[in-house]
Structures are given as C-alpha cells and as structure tokens.
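Its first residue numbered 1, the sequence shown is counted upward by one per residue in UniProt numbering.
Glycine included, every Cβ here is placed at the ideal spot set by N, Cα and C.
To start, the structure under review is shown below, and the notes come after it.
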Amino acid sequence: MATDQPEGSVEEYKVKMATDQPESSSKHSHRPKWDSKFQYLLSCSGFVVGLGNVWRFPYLCQTYGGGAFLIPYITTLVLGGIPVFFLELAVGQCLKKGTIRLWWRISPYLGGLGYSSLIVSFLVSVYYNMLLAWILWYFINSFRNPLPWSFCPTDTSKPELIEECHKSTPTNYFWYRYTLNISTDIGNSGPLQWWLVLCLASCWLIVYISTVRGIESTGKAIYFTAPCSFLILTLFLIYGLTLPGAVHGLLYFMTPNLKKINNPRAWLDAATQIFSSLSLGFGGLIAYSSYNPSINDCELDAVMIAAINSLSSLFASIPIFSILGFKATVAYEECLERNVKSITKAFRKDNITVDSSAFWLSYLNGTDINKLASLKLANCDLQYFLDKSVSGTGLSFIVFTEIVIKMPGSNTWAILFFLMLFSLGVSSIFGLIQSILTPLTESPIVSRYICKEAVCGLICLTAFLLGLLFALRSGNYWLEMFDAFGGTMPLLVIAFFEVMGVAFLYGMKRFSADVEKMIGRPLKSYWKAMWLFFSPGTMLLIFFFYVLVEPPSSYNTWNPNYVHFPAKESKKYPPWAVIISEMLETVPCLMIPFGAIYQLWRIVLKKKLLQIIHPDTSTGST
C-alpha cells in the first residue's frame, strides 16, 4: 500500500486536505476523457444493466408475489441504491482517481477500501466471463438445424446416455451432459472440457481487445454491445406479446401478493439485487466518472442511469413473463392432452366416440367413479405451471431453450436470444475490467515499468487461467459458490465504508461544497440525510439480516441415477469447500481493517525511527 500513498505525515496530509480544492481539469490534462457525454452514459448503462436484469429480477418477482416485490425493491433503491450510486459518481468525478488512490486521499485509514473493491471486481470477472463462455457455446450451437437441445442422442455405443436423456429432457441433457459434462459433486473435478476452454479463451480475447486501451477502446465497443441487447430485447417483447398464453404470464407478473413480502428474505434479496444490479462497490463507476470533466451534472447522471437500470429490469420482465406464460399454457394443454389419451386408451372398449376430455369426465363421473380414480390422472393446474420458478443459468440454458423449440423459426430466436445475453454480459465485464485496470495503471510502480496494454493483458490472462476452474466437470458447482459468496456481502461492506468515509472522514460540509461546484447548484438536503443517516442505517439492517439468515450450506448436484430424476440431489458442502466460501466473503472485507492497521503501524514506526535519530526530541513530525 505504501507505493500509492503521498509522502509526508498524517498531520501534513490533514492540513493539505483542509486547503485543497477539487482538482481542476487542467491538472489532469493527461488523463483520458470520454469522447462525448453520450458515450459515458452509454458505458455506465451497459455496466449496470447486465444478466441479472434478465434472469434474476423476473425470478425474484415470481418468487415474492409478482408486483408486490416492487415494494422492497423500490424502498431499498431509494434509501440505499441511488444515494450510494450518486456518491460513487460524485467522488470519482471530484478526485479523478481510481479506487486505491482515491480512498487513500479521502483518508489514509481507508486505504484498504480500494484493494477490497479491486479484489471483488477480479473475483466476479473471473466467473462472470465463464457465463459468457457458456452463452457463446449456445450461440454457436444455435446455428445447427435442428437445434441440438431438441432431441436425444442416437449413438448406440453409449446406451446409458440415451437412457439418461429420455429419463430427463433433451434440454436438460444438452446443458448438464453435453455442455458441462457435469460431475456428481464438487469434489469430483474431472478433466477440462476443451470446448468450454476454447469459448472461455475467445471471450477473454474479446474483452482484452475491447479494454486494452482503457475507455478509448471500451467506449467504441459499447456503441455496439449496449444498443444491440436492447434492440433484441424489444424484438422479444413484440413477439412475446403475440404468443398464446402470454396474457397469463403478464397477469401473474402484475398481480401483487402482499403476503409474500412479509418474508425477511424478500427484503434481503431485494437489497442484494439493488447492489449487484447497480454495480455498487466494484469501483467501476468511480473509474468511469473519473474520466469526466470537473464540471458535469453527476446528480442528474446518477438518477438517470439508476432509473434506466430499474426500468430495464421491468422492461425485460415483460417478454420474460410473456414467454413463461406461453410455456405454462403449453404445459397445461399437454397435461390435458395426456389425460385425454389415458382416458381414451382405458375406455376404448366401451365403443364410445368423443372428442373432448370434458365429455369423458362427465361420462365417467356418471357411470363409474372408481374407474376414473384408478387412472391416476394428472392434476392439470395452470397456476402450478406459472409458479414453477427458475433463475440464472436454469432460466437461460434450460427453460428458454425448451421454449424456443416450440417457437416458429426456433433457430433465429435462439441466435437472437443468446446474442442479446452476450451483449448484456460483455458490457458489464467492460466495467469490471476498468475497475481493476484504472487503479493498477495509476500505481507509480506499475505505470513506471509496465504499459497499460501489458497490464490489461496480465489481468485477462490471469483471470483466464483461474477461470479454468469453471471449465472442469465440477465447474458449475464452483461458479455457484463464487456467485453466492464472492459478490454479495463484500459489496455491502464496501458500500457502507464508502458512505461513512465520505460523510464523516472527508466531511459532509466539504463534500457538499465540492458537489455544488461540479453540478452548479446546492446539494439537496435529501442526499445529505441519506448519506448521514438512512443509507448507512439501511445497509447495517441488511447486514444483520444477512448474518441472521443461514448461509447456503448445501448445493444441488446432477445425479442421473437419482430416484426423482430429473430433479437435482441436494448435497452438503464438504468442510474444505465451506472454508473456501468463507474466504470468498471475508478476504475482500478484511482488506479494510488491514489497511487501517497498516497505516497505524506506519505512524508508530516513523515515530520510533525519529526517536532513534533524534533521541532528545520528545515530540516531532510523524
């Protein structure tokens, strides 16, 4: 940490900070700048609007009472999300530094906060790009006709695989066996899957080319990735509304069930969604805003981008629930059809010709109720099929691939769907890489000996090598662990110390004056109240909920021999996996107290050295 700290004592530092003004644009004339305000807004929007808007927000609405979920969502957005979002944009634009040097300048005792952000950004980027590799693999296979997840294999040399596929479904088989070739538990790693390694390498190559020159290259790439995803999402919206049964899905989404938000988990998941979706705590927003001119309305930017993010989640939910309504309707009709076939087959000997299940049920109820009961007909309930919730990879690689098969022009819709997911994901990872690249290239040692292109290459290469863990047969289990533990609580802790550092160490009065100079008007009392009281209080409450709610100690495994196939078997994490999961949560957070302890040790060491050099001096500079 010492390499990124200004010289001089803490007392000298405090005097300097008391007299310093926000740094002028002339002082940072060498610093890259956005080509235009539109490019900056597009890059920030691409960073915050990602895969979670498409495959997690609709799932949370489905789980917690449809429209009722908007109550905890909007509450945490107003009390925690937008205020922290504005703070990150403002502090980055004001001080024009990456996270490491910026937080040291706010206070020497917050020097570890920048390292926490950097570690979390790196951990998330390592597994996030594996998601893009899976999406790329499905995108490539979408050009095959017929779609490879629409049928079971016919290789007679492996009859056990054919049996596994028929016991499950072709979409399940293609995901778990053909794509992941998944093992039975996290301890059974198996070899690397070469097709996933190639896709992962391709994704990192795309990321490197797009981020190698910082915002100069990222700003150009974002012109394609961000609009592309919204354009395709609009096509799905138009098409989804025309599907039979779409209205059932939309009514399910819009009908609030207030009883479900009484569950504390609903509020915890809403807060988690806000922080992860707005990309708070990563440092990417600070890095992006640091390339802005000093005079810029970052308040309007914060409200606008946060609104775009939330509206994108709602916008994405409409085609998602339309298509889920279509899937539920198809499943409901197939259920009825199976019942009709069962009845027809069992009572064909009665020589009665009918063309509707309603007639059969009326006939059987009036003649022999025992015969009807003996058939063990399925309970066909549309609500049951609508309630079947799934998120994340299950939504994209199983549910939607199954739906696409039933859609006319299935290849075209599959190509568009996975192109949309890839565009959303790659825009987000640009921001993650910038979160790492900006503070590293500002380090005196790194910038002195290594050029920016080499730094970016080392980041991508290191992340690729570590990401090979997810290309093993047990890779899906590892990715779920990293996602559950590496990118949740650490972000909350980082955001809490960001607010406390600005409000109480940097000083609300001084920060308000800085913001006023940047936006050209006094800072509203709302923001001051949020930063001083409501946002820290909300995050503390969320943290206590997080501690009280038992963390996931088990995970679902794919077991082709499981009696309830294709349901997945739940297994406990082994002790060594529990230790790793706890390290993913705690190591980034520990950098904050370690940074403060290091600063105290540095002060004490300097005092002792001064006493040795000048033993007659009782007091002196530290």
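Is it right to say Met583 is buried, meaning 16 or more other beta carbons lie within 10 angstroms of its own, or is it exposed? exposed
Ala221 vs Ser210 beta-carbon contact at 8 Å: yes
Short check: CB of Tyr138 to CB of Phe464, under 8 Å? no
Using a 10 Å radius around the Cβ and a threshold of 16 neighbouring Cβ atoms, would you call Gly190 buried or exposed? exposed
By the three-class DSSP mapping on this structure, what secondary structure does residue 643 have? Nothing about residue 643 can be read from this structure; the chain reaches only from 1 to 622.
Beta strand (DSSP E) runs contained entirely in the region 200-248, provided each spans 3 or more residues: none
Pair every Cβ in the region 61-78 with every Cβ in the region 468-475, then say whether three or more of these pairs are closer than 8 Å. no
Determine the closest residue to Gly50 out of Gly219, Ser276, Ile215, with distance taken between C-alpha atoms. Ser276
Closer than 8 Å by C-beta to Asn188: which residues in its own chain qualify, once you throw out the five before and the five after it? Chain order, please. Arg473, Ser474
Reference Lys97, options Ser310, Ala302, Ala287, closest by Cα: Ala287
Residues that DSSP places opposite Leu472 in a beta bridge: Leu192
Examine the Cβ distances between the region 38-45 and the region 489-498 and report whether three or more of them are shorter than 8 Å. no
Under 8 Å between the Cβ atoms of Tyr59 and Ala270? no
Return the CA-CA distance between Lys528 and Leu278, expressed in angstroms with no decimal places. 20 Å
Rank Leu231, Met481, Gly457, Ser512 by C-alpha distance to the C-alpha of Trp576 and give the top, closest one. Met481
When you compare each of Ser435, Val340, Asn556, Gly507 to Gly394 by their alpha carbons, which one comes out closest? Asn556
Rounding to the nearest angstrom, what Cα-Cα distance links Pro522 and Lys509 in this structure? 11 Å
Other residues of its chain near Met591: CB distance less than 6 Å, five sequence neighbours each side excluded: Gly112, Tyr115, Ser116
Beta-carbon separation of Ala307 and Leu233 under 8 Å? no
Using the DSSP secondary-structure output, state which residues sit across from Tyr555 in a beta bridge. Lys571
What's the C-alpha gap between Glu12 and Ala90? Low per-residue confidence applies at Glu12: pLDDT is 44, beneath 50, and the placement is therefore not dependable enough to give any value.
To the nearest angstrom, report how far apart Phe422 and Val197 are at their CA atoms. 17 Å
For Met254, is the classification buried or exposed, using 16 other Cβ atoms within 10 angstroms of its Cβ as the cut-off for buried? exposed
Three-state secondary structure assigned by DSSP to Asn296: coil
Applying the criterion that 16 or more other CB atoms from any shown protein chain within 10 Å of the CB defines a buried residue, is Lys406 buried or exposed? exposed
Where His614 falls: helix, strand or coil (DSSP): coil
If you reduce the DSSP assignment to three classes, tell me which class Arg144 lands in. coil
I'd like to know whether the C-beta atoms of Thr438 and Ile274 end up nearer to each other than 8 Å. no
Is the distance from the Cβ of Leu300 to the Cβ of Glu88 below 8 Å? no
Contacting residues, own chain, Cβ-Cβ under 8 Å from Ser512 (five flanking each side not counted): Pro522, Leu523, Lys528
Run of the alpha helix (DSSP H) containing Pro444, from where it starts to where it stops: 444-449
State whether the region 78-87 contacts the region 528-545, with contact taken as three or more CB pairs (one from each stretch) at a distance under 8 Å. yes
Going along the chain, which unbroken runs of the alpha helix (DSSP H) with 4 or more residues stay wholly within the region 93-130? 99-106
Does the region 164-177 come within contact of the region 398-412, defined as at least 3 CB pairs closer than 8 Å? yes
Shortest alpha-carbon distance to Ser570 belongs to which of Asp185, Ile261, Ser107? Asp185
Using the beta-carbon count (16 or more within 10 Å), is Gly520 buried or exposed? exposed
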